[in-house]
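Everything in the sequence shown is counted per my numbering, starting at 2 for the first residue and increasing by one. Glycine included, every Cβ here is placed at the ideal spot set by N, Cα and C. What you are looking at is a predicted structure, and each value in this text was computed from that prediction instead of being measured. I have placed the structure first, in the form of structure tokens, so that the comments after it can refer back to it.
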Amino acid sequence: MGRRFCCRRPLPVLASLGIALLLLCASLRALRPAFENKVLGFSWFGGARKSPLQLLRDLDQGPRSAMAEVHQQRRELLRRACSRHTRRQRLLQPEDLRHVLVDDAHRLLYCYVPKVACTNWKRVLLALRGRGDPGAIPAHEAHAPGLLPSLADFAPAEVNRRLRDYLTFLFVREPFERLASAYRNKLAGPHSAVFQRRYGTRIVRRLRPHAQPDALARGHDVRFAEFLAYLLDPRTRRHEPFNEHWERAHALCHPCLVRYDVVGKFETLADDAAFVLDLVGESGLRFPAPPLRPEKDLTREQARRLFQDISPFYQRRLFDLYKMDFLLFNYSAPSYLRLQ
Numbered sequence: 002m003g004r005r006f007c008c009r010r011p012l013p014v015l016a017s018l019g020i021a022l023l024l025l026c027a028s029l030r031a032l033r034p035a036f037e038n039k040v041l042g043f044s045w046f047g048g049a050r051k052s053p054l055q056l057l058r059d060l061d062q063g064p065r066s067a068m069a070e071v072h073q074q075r076r077e078l079l080r081r082a083c084s085r086h087t088r089r090q091r092l093l094q095p096e097d098l099r100h101v102l103v104d105d106a107h108r109l110l111y112c113y114v115p116k117v118a119c120t121n122w123k124r125v126l127l128a129l130r131g132r133g134d135p136g137a138i139p140a141h142e143a144h145a146p147g148l149l150p151s152l153a154d155f156a157p158a159e160v161n162r163r164l165r166d167y168l169t170f171l172f173v174r175e176p177f178e179r180l181a182s183a184y185r186n187k188l189a190g191p192h193s194a195v196f197q198r199r200y201g202t203r204i205v206r207r208l209r210p211h212a213q214p215d216a217l218a219r220g221h222d223v224r225f226a227e228f229l230a231y232l233l234d235p236r237t238r239r240h241e242p243f244n245e246h247w248e249r250a251h252a253l254c255h256p257c258l259v260r261y262d263v264v265g266k267f268e269t270l271a272d273d274a275a276f277v278l279d280l281v282g283e284s285g286l287r288f289p290a291p292p293l294r295p296e297k298d299l300t301r302e303q304a305r306r307l308f309q310d311i312s313p314f315y316q317r318r319l320f321d322l323y324k325m326d327f328l329l330f331n332y333s334a335p336s337y338l339r340l341q
């Protein structure tokens with residue numbers, strides 16, 4: 002007689018298996034609070050981990066948390082502003098995507114805008130790739146070419162797939178505060194020799210009559226009014242595009258051509274960063290802490306002081322230059338401006 006296989010296990014084994022399952026269920030119930038997402042307002046218990054974009058879409062279908070509501074409103078405001086202020090659509094070009102960084106493992110696309118915490122966001126993306134604590138990653142490493150791939154480097158079909166399936170986010174800042182920060186950091190700061198030689202000498206040579214030889218050679222003492230005159234000079238953009246540190250955010254990230262799922266703001270950086278990291282499933286990853294004194298308060302006051310000596314005529318021209326950033330990202334004109 003041939004050998005017969007029995008599918009039933011001996012009773013002692015079944016008993017042991019049952020006890021193990023009971024213990025496992027008890028452990029999962031004990032761990033359940035760890036899966037409750039307080040920021041987003043949903044639970045990850047009892048299902049496979051979804052992509053960040055799927056989680057965001059799920060949030061939009063049901064009762065929204067306060068943060069989910071904020072970001073839904075920002076998306077809608079951006080969509081309406083694009084419809085109102087963009088007369089003609091065009092196709093995306095590879096150069097439009099140069100600032101969009103790709104994280105395939107977490108299905109993320111991040112468009113970085115300099116002077117809007119982009120160094121820390123690059124640190125976070127490197128940490129997600131296994132490079133340790135973001136706060137311990139040096140700034141020069143965060144900006145090293147090639148460590149974080151750009152969406153512009155992919156073939157069109159791969160670009161379209163990622164734009165369709167990945168969570169796409171950017172962070173923006175009140176335009177004149179960002180501009181003041183760029184001036185202080187890149188032209189007026191003590192560690193800005195590279196920018197001073199490249200741009201400062203050019204500004205002095207073009208806009209300062211009878212400049213001293215030292216200023217012509219070093220470009221170390223550019224005044225804010227000279228910097229603004231350089232931005233408004235038609236020759237500046239005829240020769241080359243604006244440097245990314247003072248280029249308009251909409252010209253870097255093209256928010257009317259690319260669908261952005263999360264529009265974070267420098268003014269609410271901590272909350273918005275936590276929202277993104279919760280969507281990614283990395284709520285335990287800490288976004289690098291800001292300085293002890295909130296930089297947003299400091300830059301607002303410094304911007305006010307810098308602009309108080311600028312004539313209303315030049316204030317109006319500069320506002321017109323950056324107007325699309327004010328409109329698309331729902332910023333009001335600063336109260337210290339004299340635009341009439």
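Alpha carbon of residue i to alpha carbon of residue j, nearest angstrom
i    : j    : result
H100 : A118 : 14 Å
M68  : R174 : 18 Å
Y257 : D134 : Checking the displayed sequence, the identity of residue 257 turns out to be Cys instead of Tyr. Distance between the alpha carbons of C257 and D134: 34 Å.
P242 : R50  : 42 Å
L164 : R124 : 22 Å
Y111 : G285 : 20 Å
G190 : I204 : 16 Å
Q213 : V195 : 19 Å
G131 : H144 : 16 Å
D273 : S84  : 25 Å
E268 : W122 : 15 Å
R317 : S333 : 14 Å
V71  : H221 : 42 Å
V259 : P210 : 44 Å
N186 : R207 : 21 Å
R301 : K116 : 14 Å
Y184 : L299 : 14 Å
V223 : Y337 : 23 Å
L79  : H240 : 31 Å
F82  : R91  : First, the amino acid is wrong: residue 82 is Ala here, not Phe. Cα-Cα distance, rounded: 17 Å.
K324 : R306 : 21 Å
D166 : D215 : 54 Å
E159 : R219 : 45 Å
E142 : L270 : 22 Å
S312 : E227 : 13 Å
S66  : A290 : 24 Å
E77  : Q55  : 18 Å
L188 : H255 : 27 Å
Beta carbon of residue i nearer than 9 Å to that of residue j
i    : j    : result
N244 : Y200 : yes
F177 : L319 : yes
L109 : T169 : yes
L180 : W247 : yes
L57  : D262 : yes
F308 : P335 : yes
P53  : L280 : yes
A275 : F288 : yes
C59  : Q73  : According to the sequence displayed, residue 59 carries Asp and not Cys. Not in contact: D59 and Q73 (Cβ atoms no closer than 9 Å).
L278 : Y113 : no
T120 : A137 : no
N331 : R75  : yes
T202 : L217 : yes
Nearest-angstrom Cβ-Cβ length linking residue i and residue j, presumed shorter than 8 Å
i    : j    : result
H127 : G265 : In the sequence as presented, His is not what sits at residue 127; that position holds Leu. Not really, about 18 Å apart at Cβ, beyond 8 Å.
A250 : D310 : Incorrect: roughly 25 Å between the Cβ atoms, too far for contact.
L322 : L232 : 7 Å
L149 : E283 : So it is not a contact: roughly 16 Å between Cβ atoms.
Residue environment, residue i, which counts as buried when at least 16 other CB atoms sit within 10 Å
i    : result
G147 : exposed
S193 : buried
P235 : exposed
S182 : buried
Q197 : buried
H86  : exposed
L23  : Legend: pLDDT at L23 = 43, less than 50; position of this residue unreliable, value from coordinates given subsequently. Exposed.
D104 : buried
Cβ-heavy atom distance, residue i to the ligand SAM, below 8 Å
i    : result
Y337 : As presented, the structure is devoid of all ligands, the ligand SAM included, so that no description of it is given.
Below-9 Å beta-carbon distance, residue i vs any chain B residue
i   : result
P64 : Within the model displayed, chain B is absent; a lone protein chain is all it includes.
Check: Between the region 90-105 and the region 149-163, are three or more C-beta pairs nearer than 8 Å?
Finding: The region 90-105 is in contact with the region 149-163.
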